[in-house]
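Contents: one structure, followed by commentary.
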Amino acid sequence: METKTLDVEGMTCGHCKVAVTNALNELDGVKNVVVHLETGKVEVELDSSKVTEAEMREAIEDQGYDVK
41 METKTLDVEG
51 MTCGHCKVAV
61 TNALNELDGV
71 KNVVVHLETG
81 KVEVELDSSK
91 VTEAEMREAI
101 EDQGYDVK
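If you want the working numbering, it's the position in the sequence shown, counting the first as 1, plus 40.
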């Protein structure tokens with residue numbers, strides 16, 4: 041298991057948190073997601089042999105948020 045932290049812009053509320061969490065949890069290889077609205081950080085526990093950072097970025101961006 042590995043943990044990655046992504047910087048996400050545009051998250052402001054509980055709905056944002058749920059949207060990002062659900063999008064990431066749908067990816068095979070993602071084990072746990074913690075969204076910090078205050079800092080814009082998203083911590084993802086993952087199996088890097090099953091999911092890439094690019095796939096996680098795309099899942100978040102598909103929800104309308106920007107990943108730095």
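Note that beta-carbon positions come from the ideal geometry of N, C-alpha and C, so glycine has one too.
Which of the three DSSP states, helix, strand or coil, is assigned to LYS57? As a first step, residue 57 must be located in the sequence shown, where it is residue number 17. LYS57: helix per DSSP, three-state reduction.
Under 8 Å by Cβ, that's how I've got VAL107 and ASP47 pegged, so tell me the actual separation to the nearest angstrom. Working through the sequence shown from its first residue, we reach residue 107 at position 67. Working through the sequence shown from its first residue, we reach residue 47 at position 7. Indeed, because the Cβ distance is near 7 Å, the residues count as touching under 8 Å.
Could you spell out the range, first to last residue, of the beta strand (DSSP E) harbouring GLU85? One-based indexing of the sequence shown puts residue 85 at position 45. Annotation: the continuous beta strand (DSSP E) that includes GLU85 extends over 81-86.
Please report the straight-line C-alpha distance between THR92 and GLU49, rounded to a whole angstrom. Start at 1 with the first residue of the sequence shown, and residue 92 comes out as number 52. Start at 1 with the first residue of the sequence shown, and residue 49 comes out as number 9. Rounded to the nearest angstrom, the two C-alpha atoms are 20 Å apart.
Can you list, in chain order, the residues of its chain whose CB lies under 8 Å from that of THR19, leaving out five sequence neighbours each side? Here the chain has residues from 41 to 108 only, and residue 19 is not among them.
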